[in-house]
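Participant: Pasting a structure here, questions to come.
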Amino acid sequence: MGLPLELMPEEAQVLVDKKVSYIADDATFHPARLATFDEPSRRAYVQSLKNEGKRMQIAVIESNNRNKPNPHEGKSKKKKREPKEQEDLSTDHLVGGDNEADESSRLFDSSPTPRKSINIGEVEGYALTPTTSSFLLPTLPDSELEHSATVDVPVSYPLFAHLHDKGYYMMPGLRFGCDYNVYPGDPLRFHSHFVAVHFGWDEEITMMDLVGGGRLGTSVKKGYLFGGAVADGSDAEETSDRHGVSRDDKSEQPKLKGGLVAPPVRTFCLEWAGM
Numbered sequence: 157m158g159l160p161l162e163l164m165p166e167e168a169q170v171l172v173d174k175k176v177s178y179i180a181d182d183a184t185f186h187p188a189r190l191a192t193f194d195e196p197s198r199r200a201y202v203q204s205l206k207n208e209g210k211r212m213q214i215a216v217i218e219s220n221n222r223n224k225p226n227p228h229e230g231k232s233k234k235k236k237r238e239p240k241e242q243e244d245l246s247t248d249h250l251v252g253g254d255n256e257a258d259e260s261s262r263l264f265d266s267s268p269t270p271r272k273s274i275n276i277g278e279v280e281g282y283a284l285t286p287t288t289s290s291f292l293l294p295t296l297p298d299s300e301l302e303h304s305a306t307v308d309v310p311v312s313y314p315l316f317a318h319l320h321d322k323g324y325y326m327m328p329g330l331r332f333g334c335d336y337n338v339y340p341g342d343p344l345r346f347h348s349h350f351v352a353v354h355f356g357w358d359e360e361i362t363m364m365d366l367v368g369g370g371r372l373g374t375s376v377k378k379g380y381l382f383g384g385a386v387a388d389g390s391d392a393e394e395t396s397d398r399h400g401v402s403r404d405d406k407s408e409q410p411k412l413k414g415g416l417v418a419p420p421v422r423t424f425c426l427e428w429a430g431m
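Count the sequence shown with the numbering used here and you get residues 157 to 431, in order.
Structure below.
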C-alpha cells in the first residue's frame with residue numbers, strides 16, 4: 157500500500173513513546189538542517205540525483221527496445237498465409253526464380269539488427285523528486301530526539317495505547333459512533349471485532365450508554381468495548397474484578413500493569429442478548 161498519507165495523532169504518539177520516531181515541525185526543521193549542509197556535500201547530492209535519473213531513463217529505453225516488434229516476423233507470417241496453390245505453379249512461370257530469391261534474401265537480411273549500445277553521457281536523464289530526505293539530513297543525537305514536538309492527542313489515548321500494546325489495530329470509529337474500530341489484525345483482511353469507547357476513571361457511565369452501546373455493537377456483529385486509564389494514586393488491587401471474590405482471596409488477584417507505552421487500563425466488553 158505504500159507509506160500512509162496521514163497518521164492518527166494516537167499512532168504518532170505511540171511511535172514517539174516507543175522511541176522509534178520523533179515529531180518535527182517541517183516548516184522550520186528542514187530549512188534549519190539544510191543550512192548546515194556544506195557545498196561539496198550539496199554538489200555530490202545533486203550529482204547523485206542526476207546519475208540516478210540517467211540510469212532510470214536508460215532502463216526505460218532498453219525496456220522499450222526489447223518490447224519492439226520485429227518487422228521480419230510479420231513478413232514471415234504473411235508468407236505462411238499464402239495459398240498453397242502457388243506452390244503447385246509450373247516451373248515454367250518461375251524462370252529465374254532462384255535468382256530472384258537470392259536477390260530478395262540479400263535485400264531483406266533476416267539476421268537480427270545489432271542493438272546500439274546506449275552511452276550514459278548521451279542521455280539527459282529524468283528529473284527525480286526524492287520521496288524522503290533522511291539521507292540528506294544529518295543524524296540527530298539521542299538527546300535531540302527527547303525534545304520531540306508534542307502531539308495533541310485526545311483523552312482516549314490511554315485506551316488506544318493499551319489496545320495497541322495488546323496487538324490490536326485501530327481505526328477511527330465515527331461510523332459506529334465510537335472512538336475506535338478495533339481489528340484483530342490487518343484491517344484489509346479482518347472485520348473489526350469491537351467498537352471501543354473511552355471513559356474517564358471517575359466519569360459516570362449511564363445505563364443508557366451501556367444498553368445503547370451493547371445493542372449497537374451486537375447489531376453490527378461486534379462487541380461493545382469500553383475502558384479507561386486507572387487514576388493516579390489508585391490501588392491496582394482495588395480495581396481488580398472483585399465479583400464473587402472474598403477479601404482473603406483479594407491478595408491473589410494480579411496487579412494491573414501498563415504495557416510498553418500504555419498506562420494501566422481497565423477494559424470491559426458487553427454484548428446485548430434478548431430473551
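Just so it is clear, CB atoms sit at the ideal spot from N, CA and C, and this is done for glycine as well.
To which residues of the same chain is W357 closer than 8 Å at the C-beta, ignoring the five residues directly before and after it?
Facilitator: Indexing the sequence shown from 1 puts residue 357 at position 201. Closer than 8 Å at the Cβ level, and outside the excluded window around W357, lie G384, A385, V386, A387, S390.
Participant: Do L372 and F316 have their CB atoms nearer than 8 Å?
Facilitator: Translated into positions along the sequence shown, residue 372 becomes position 216. Translated into positions along the sequence shown, residue 316 becomes position 160. Against a cut-off of 8 Å, the Cβ pair of F316 and L372 comes out as no contact.
Participant: Ignore the nearest five residues each way along the sequence and tell me which others in D248's own chain have a CB closer than 6 Å to its CB.
Facilitator: Translated into positions along the sequence shown, residue 248 becomes position 92. The predicted position of D248 is uncertain, since its pLDDT is 48 and thus under 50; no value can be drawn from it.
Participant: Please go through the region 309-364 and give each complete alpha helix (DSSP H) segment of 4 or more residues, from N-terminal end onward.
Facilitator: Within the region 309-364, the complete alpha helix (DSSP H) runs of at least 4 residues are 313-321.
Participant: Write down the C-beta distance between Y339 and G329 rounded to the nearest angstrom, noting that I regard them as a contact closer than 8 Å.
Facilitator: Your numbering for residue 339 matches position 183 in the sequence shown. Your numbering for residue 329 matches position 173 in the sequence shown. That pair is no contact at about 11 Å.
Participant: Taking only three categories from DSSP, how would you classify G373?
Facilitator: Taking the first residue of the sequence shown as position 1, residue 373 is located at position 217. Three-state DSSP puts G373 in a helix.
Participant: Looking at the structure shown, is I179 part of a helix, part of a strand, or coil, going by DSSP?
Facilitator: By 1-based counting over the sequence shown, the position of residue 179 is 23. Note: I179 maps to coil in three-state DSSP.
Participant: Starting from A215 and walking both ways along the alpha helix (DSSP H), at which residues does that stretch end?
Facilitator: For this step, residue 215 is matched to residue 59 along the sequence shown. Here the alpha helix (DSSP H) through A215 covers 195-222.
Participant: Comparing alpha-carbon positions, which option in P310, R345, T306, A191 lies nearest Y325?
Facilitator: Translated into the one-based positions of the sequence shown, residue 325 becomes position 169. Answer by Cα proximity: R345.
Participant: Out of curiosity, what's the CA-to-CA distance linking P310 and R189?
Facilitator: To locate residue 310, count along the sequence shown from 1; it is residue 154. To locate residue 189, count along the sequence shown from 1; it is residue 33. C-alpha separation (whole angstroms): 31 Å.
Participant: So what does DSSP say about T288, is it helix, strand or coil?
Facilitator: On the sequence shown, position 132 is the one that residue 288 refers to. In this structure, T288 counts as coil in the three-state DSSP scheme.
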